[in-house]
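S.K.: Here it is: the structure, laid out below.
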Amino acid sequence: MTVILDLNNYSSANAPPMRTSRATLDILQNHYPERLSRFIILNAPWLFFAFFKVISPFIDKVCVANVLPMCCYYAFFKVISPFIDKVTF
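Under my numbering, read the sequence shown as residues 34 to 122, first letter to last.
As structure tokens, this is what we get:
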């Protein structure tokens, strides 16, 4: 399973509560550890990179390796293009 999260226009005003974020992480990490192949985060603001660096020691190492924060669509297409049929891309 690949999860793609686009944080374009993300702000603290429209962010989910921390409790919801922790519950989601817990579900993905503990109930679907072998299913999550990639968690791609698009348009991540600089604050996300800092936050992820702080919390990553507390997350399972396999789960951390599968998280790919990206700052732009170009980086996203570079990573995802090998998995997309070139005719429809």
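By construction, the Cβ of each residue, glycine as well, lies at the ideal position given by its N, Cα and C atoms.
Checking 8 angstroms against the spacing of the C-beta atoms, do Leu38 and Ile60 come in under that value?
M.R.: Against a cut-off of 8 angstroms, the Cβ pair of Ile60 and Leu38 comes out as no contact.
S.K.: Which ranges does the alpha helix (DSSP H) cover as unbroken runs of at least 4 residues, wholly within the segment 35-83, from first to last along the chain?
M.R.: If we require 4 residues or more, the alpha helix (DSSP H) runs fully inside the segment 35-83 come out as 51-64.
S.K.: Here's a check: name, in chain order, each residue in its chain whose Cβ is nearer than 6 angstroms to the Cβ of Val36, leaving out the five neighbours to either side.
M.R.: Same-chain partners within the cutoff: Phe72.
S.K.: Using a threshold of 8 angstroms, state whether the C-beta atoms of Leu101 and Asn76 are closer than that.
M.R.: Going by C-beta atoms, Leu101 is not nearer than 8 angstroms to Asn76.
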